[in-house]
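Peer 1:
In the UniProt record's numbering, the protein residues as written are 1 to 155.
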């Protein structure tokens with residue numbers, strides 16, 4: 001019933017966030033690079049092919065992105081000592097600094113957006129988005145989705 005309006009507002013909001021973030025991160029970082037840095041910091045070291053499960057892109061696009069990031073000093077690629085065919089990707093110190101800067105810029109902008117509504121409504125929004133996002137799990141009982149949403153509110 002409200003799907004069209006939700007989709008319109010969601011696309012408008014995410015477009016604004018993306019535009020703001022791209023401007024704020026420039027010239028040393030892009031939103032896509034920030035996403036890769038965050039993934040690497042959570043799971044490093046990773047092989048370039050490991051990124052495919054997290055990013056909606058092609059192997060060629062990941063290679064191009066990693067090439068740019070390596071030239072920018074954000075990541076380092078090294079060959080595996082026991083199997084030279086394997087390449088590992090790690091975040092450099094500069095990459096860690098840029099990831100921290102990017103996360104801070106993103107969090108500040110999102111918090112600025114959330115400050116337009118009360119703290120109670122912020123918690124409610126997080127709860128409701130948690131319920132919606134956990135609905136993607138096939139066969140998940142509604143009670144589990146509610147628990148995930150409640151955990152999000154408690155954070």
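For glycine and all other residues, C-beta sits at the position ideal for the given N, C-alpha and C. From a predicted model like this one, the values you see are computed outputs, not experimental measurements.
1) Going by DSSP, name the residue or residues bridged to residue 78.
2) Can you give me the C-alpha to C-alpha distance between residue 126 and residue 7, rounded to a whole angstrom?
3) Just how far apart, CA to CA, sit residue 105 and residue 39?
4) If distances are taken between C-alpha atoms only, which option among 92, 98, 3, 64 comes closest to residue 26?
5) Where do the N-terminal and C-terminal ends of the alpha helix (DSSP H) with residue 106 fall, by residue?
6) Just mark residue 117 as buried or exposed, buried being the case when its beta carbon has 16 or more other beta carbons within 10 Å.
7) Could you tell me which residues DSSP pairs with residue 69 in its beta bridges?
8) Nearest to residue 44 by CA position, among 81, 67, 77, 100, is which residue?
9) Starting from residue 46, trace the alpha helix (DSSP H) in both directions and tell me its first and last residue.
10) Please identify the residue among 114, 73, 69 whose C-alpha is closest to the C-alpha of residue 35.
11) What residues in its chain sit with their C-beta under 8 Å from that of residue 47, if we drop five residues either side in the sequence?
12) Please state whether DSSP places residue 117 in a helix, a strand or coil.
Peer 2: Concretely, from the data shown:
1) 88
2) 17 Å
3) 17 Å
4) 98
5) 93-114
6) exposed
7) Answer by DSSP bridge pairing: none, since residue 69 is not bridged.
8) 77
9) No alpha helix (DSSP H) contains residue 46, which DSSP labels as neither H nor E.
10) 69
11) 86, 87, 88, 89
12) coil
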